Amino acid sequence: MPKNKFGQRPIILTSLTSRIIYQALVSSVADSMEPNSRGGEGWVQHETFAEESPSEFIVEVDIAACYEFIDHERLRQELVARTLNVEVARSITDFLGECSPNKRGLPQLTSASDTLGDLYLSVIQRQLMRQGLEVSRYADDFLIRAKNWEQANETIEYAAEFARDLGLILSYEKTRAVRSSTFKKKAESQRQLQRQYFDSERERMTFFHLVGGDRYGDVSLVELLPSDAETLKASMRRVITHWQGETREAEANPDIEFTLESSLRRMLPLAISVLQEDSKRIPTKVFTSLAFREPVRLERVCQYVLARAHRAEERSESWGLVKSLTDSGRLSPWARLWILHVVSELPEADTSAFREVMRWVTRQLSDRHETVRAQAAWAAAKFRNLNENQVLELLRYATPVTQPGIAAAMGRKAGVLAAAQRGGGLSNTLIKSVTSENTLLKESYEWGERI
Numbered sequence: 001m002p003k004n005k006f007g008q009r010p011i012i013l014t015s016l017t018s019r020i021i022y023q024a025l026v027s028s029v030a031d032s033m034e035p036n037s038r039g040g041e042g043w044v045q046h047e048t049f050a051e052e053s054p055s056e057f058i059v060e061v062d063i064a065a066c067y068e069f070i071d072h073e074r075l076r077q078e079l080v081a082r083t084l085n086v087e088v089a090r091s092i093t094d095f096l097g098e099c100s101p102n103k104r105g106l107p108q109l110t111s112a113s114d115t116l117g118d119l120y121l122s123v124i125q126r127q128l129m130r131q132g133l134e135v136s137r138y139a140d141d142f143l144i145r146a147k148n149w150e151q152a153n154e155t156i157e158y159a160a161e162f163a164r165d166l167g168l169i170l171s172y173e174k175t176r177a178v179r180s181s182t183f184k185k186k187a188e189s190q191r192q193l194q195r196q197y198f199d200s201e202r203e204r205m206t207f208f209h210l211v212g213g214d215r216y217g218d219v220s221l222v223e224l225l226p227s228d229a230e231t232l233k234a235s236m237r238r239v240i241t242h243w244q245g246e247t248r249e250a251e252a253n254p255d256i257e258f259t260l261e262s263s264l265r266r267m268l269p270l271a272i273s274v275l276q277e278d279s280k281r282i283p284t285k286v287f288t289s290l291a292f293r294e295p296v297r298l299e300r301v302c303q304y305v306l307a308r309a310h311r312a313e314e315r316s317e318s319w320g321l322v323k324s325l326t327d328s329g330r331l332s333p334w335a336r337l338w339i340l341h342v343v344s345e346l347p348e349a350d351t352s353a354f355r356e357v358m359r360w361v362t363r364q365l366s367d368r369h370e371t372v373r374a375q376a377a378w379a380a381a382k383f384r385n386l387n388e389n390q391v392l393e394l395l396r397y398a399t400p401v402t403q404p405g406i407a408a409a410m411g412r413k414a415g416v417l418a419a420a421q422r423g424g425g426l427s428n429t430l431i432k433s434v435t436s437e438n439t440l441l442k443e444s445y446e447w448g449e450r451i
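Position 164 of the sequence shown, counted from 1, bears residue number 164 in the UniProt record's numbering, the numbering being contiguous throughout.
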């Protein structure tokens with residue numbers, strides 16, 4: 001999975017059965033643990049803590065690769081202390097040990113891991129507060145108020161020491177002492193952007209709620225009156241137009257930093273969400289430029305395409321955009337999964353872009369990541385492109401993580417062929433060899449057949 005700027009974040013994946021057990025174990029003791037730091041207005045409150053600070057400095061502390069280095073034994077001790085449930089604590093850490101033999105790390109992209117991560121990091125927060133410091137935490141991002149420069153540096157030393165005791169290290173790129181006035185200026189800069197691009201007070205309030213809810217996720221829309229919605233759309237079109245102009249300037253002058261370009265780029269996920277159902281399609285160049293500059297935004301691009309997949313008049317453009325994304329150079333496994341998901345949902349088209357994308361899908365059946373191979377099988381099956389030899393090769397190297405997905409793809413191909421009253425399906429022998437192995441694979445096949 002891509003990080004916000006550059007590089008990839010490794011993800012521990014587990015089978016469907018394992019995820020259910022993991023979630024059930026953590027949920028059984030969640031009420032005794034730390035509240036979710038990401039919930040509700042968490043990010044807004046986190047930012048406000050810095051913007052309204054009476055202290056001269058704010059110390060920003062970020063934990064480097066936090067989920068990858070959480071120590072299972074130290075986590076077990078904290079679980080026992082907070083829940084008084086020795087058996088569940090041992091079961092959770094035994095499960096984690098099966099996922100990671102070095103006894104460190106949590107599976108990512110699960111609410112269960114978020115709960116455990118909050119519990120683990122609350123130890124650092126508690127120890128900082130015991131030094132008489134005011135602390136706000138959102139996931140692994142800490143903000144700490146410091147009266148002066150000396151206390152700010154001392155706070156960083158404390159944070160590094162407390163993190164080290166847990167087997168964690170600070171991200172020295174993101175850990176720093178900043179004057180509180182910097183956060184106030186940043187907030188004022190955001191308000192100036194609002195005044196520039198949003199015509200009414202209602203729009204500005206909507207903008208605040210949309211972009212203020214979560215640092216990591218993309219925005220979600222609130223209900224608007226028709227007049228407000230149209231005005232907001234017009235504002236978002238201006239954002240996109242101005243960003244395109246700033247992007248051209250930045251490309252022409254690569255050695256100069258364009259602050260407005262990056263500020264407008266932060267607003268693009270919001271613009272894409274607002275214009276998702278608009279009658280006028282956003283130009284393909286906007287999406288390819290955004291995905292190139294911020295790979296983590298590919299998810300928002302894909303969601304836009306999926307939301308408009310039913311528009312027959314845009315079918316050619318949608319496949320053209322997907323082809324452009326597949327041609328954009330090296331794609332991370334996370335990016336390939338998202339693109340394959342889009343492919344599996346789009347309707348067929350008689351275009352050269354569609355045929356090029358299908359050839360790309362076939363190549364993904366041989367990818368070195370089994371999750372990509374399984375997702376490619378699901379996409380290929382929709383268009384009747386999954387043959388017997390390919391399935392046999394997929395099954396040969398599949399683990400319980402992807403076996404249900406491959407079984408579902410087999411069922412999907414059977415369902416597609418049956419709906420079209422066409423032959424050429426997989427052999428009954430192959431199908432039976434999979435569906436008779438266990439109930440989960442049988443149910444997966446039948447589910448795929450019904451899609």
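Just so it is clear, CB atoms sit at the ideal spot from N, CA and C, and this is done for glycine as well. Since we're looking at a predicted model, the values are computed, not measured.
How is I144 classed by DSSP in three states: helix, strand or coil? Strand, per DSSP.
F57 lies in the beta strand (DSSP E); which residues open and close that run? Segment 57-62, the beta strand (DSSP E) holding F57.
Alpha carbon to alpha carbon, how far is V391 from S273? Straight-line Cα distance between these residues: approximately 37 Å.
Around the Cβ of M410, are there at least 16 other Cβ atoms within 10 angstroms (buried) or fewer (exposed)? The residue in question, M410, is buried, as its Cβ has 16 or more Cβ neighbours within 10 Å.
So the beta strand (DSSP E) A177 belongs to, where does it begin and stop? Secondary structure note for A177: its beta strand (DSSP E) is the uninterrupted segment 176-179.
Buried or exposed: which applies to R266, given that a residue is buried once 16 or more other Cβ atoms fall within 10 Å of its Cβ? Under a 10 Å Cβ-count criterion, R266 is classified as exposed, with fewer than 16 other Cβ atoms of the shown protein chains found around its own Cβ.
Spatial neighbours of E449 within its chain, please: CB distance less than 6 Å, with the 5 preceding and 5 following residues excluded, ordered by chain position. G411, A414, G415, listed in sequence order.
Extract the residue ranges of the beta strand (DSSP E) inside the stretch 113-171, only unbroken runs of 3 or more that lie entirely within it. Inside the stretch 113-171, DSSP marks whole beta strand (DSSP E) runs of 3 or more residues at positions 135-138, 141-146, from first to last along the chain.
If you reduce the DSSP assignment to three classes, tell me which class R363 lands in. Looking at R363 - three-state DSSP - the assignment turns out to be helix.
Limits of the unbroken alpha helix (DSSP H) element including H46: Element bounds for H46: 42-51.
So what does DSSP say about D31, is it helix, strand or coil? D31 falls in the helix class under three-state DSSP.
From the DSSP output, in three-state form, read off D327 for me. Here D327 carries a coil assignment [DSSP, helix/strand/coil].
Going by the DSSP bridge assignment, what does D71 pair with across the sheet? Bridge partners of D71: R104.
Relative to the alpha-carbon of A163, which residue among Q127, S180, E173 has its alpha-carbon at the smallest distance? Per the Cα distances, Q127.
Between the C-alpha atoms of I339 and E345, what's the straight-line distance to the nearest angstrom? Going from the Cα of I339 to the Cα of E345 covers about 10 Å.
Mind checking which residues open and close the alpha helix (DSSP H) that includes residue 452? Because the chain in this structure spans residues 1 to 451, residue 452 falls outside the shown range and cannot be described.
Just to confirm my understanding: we take F57, look at its own chain, exclude 5 residues before and 5 after, and list those with CB closer than 8 Å. What are they? Scanning its chain for C-beta atoms nearer than 8 Å, with the 5 sequence neighbours on each side dropped, one finds around F57 the residues R145, A146, K147, N148, W149, Q151, A152, A177, V178, R179, S180, in chain order.
Use the C-beta contact count for H86: other C-beta atoms within 10 angstroms, 16 or more gives buried, fewer gives exposed. Position check: residue 86 holds Val in this sequence, whereas His was assumed. By the 10 Å Cβ count, V86 comes out exposed.
Below 8 Å between beta carbons: does that hold for L441 and A407? Taking 8 Å as the Cβ cut-off, L441 and A407 qualify as a contacting pair.
Which same chain residues, not among the five before or five after L417, have their C-beta less than 8 Å away from its C-beta? The residues are R384, G423, G424, G425.
Alpha carbon of R368 to alpha carbon of Y397, nearest angstrom: About 10 Å.
Need the endpoints of the alpha helix (DSSP H) that A89 sits in, please. First-last of the alpha helix (DSSP H) with A89: 86-99.
S287, enclosing alpha helix (DSSP H) - first and last residue: According to the sequence provided, residue 287 is Phe. The question's Ser does not apply to it. Residues 284-293.
Would DSSP call F383 helix, strand or coil? Correct three-state label for F383: coil.
For L395, does the three-state DSSP call read helix, strand or coil? Helix at L395.
If I follow the unbroken alpha helix (DSSP H) through K413, where does it start and stop? That run of the alpha helix (DSSP H) goes 403-419.
When the Cβ atoms of the stretch 65-80 are set against those of the stretch 116-135, are three or more pairs found closer than 8 Å? With the cut-off at 8 Å, the stretch 65-80 and the stretch 116-135 touch.
Does the distance from the C-beta atom of L75 to that of T48 stay below 8 Å? No. Outside cutoff.
If you compare alpha carbons, which of Y304, N253, V59, W243 is closest to E277? Of the listed residues, the one whose Cα sits closest to E277 is Y304.
With three or more C-beta pairs closer than 8 Å as the rule, is the stretch 348-362 touching the stretch 306-314? They do not touch, by the three-pair rule.
For T231, which of Q192, A271, E246 has the nearest alpha-carbon? The candidate whose alpha carbon is nearest that of T231 is A271.
Collapsed DSSP secondary structure at R422 in the structure displayed: Three-state result, R422: coil.
C-beta atoms of L25 and S91 nearer than 8 Å: Yes, these two residues count as a Cβ contact at 8 Å.
Looking at the structure shown, is E173 part of a helix, part of a strand, or coil, going by DSSP? Here E173 carries a coil assignment [DSSP, helix/strand/coil].
C-alpha distance - L386 paired with L365, whole-angstrom precision: When rounded, the distance between both Cα atoms is 9 Å.
From H310, S27, D165, pick the residue whose C-alpha is nearest to that of residue 540; which is it? With the chain running from 1 to 451 in the structure shown, residue 540 is simply not present.
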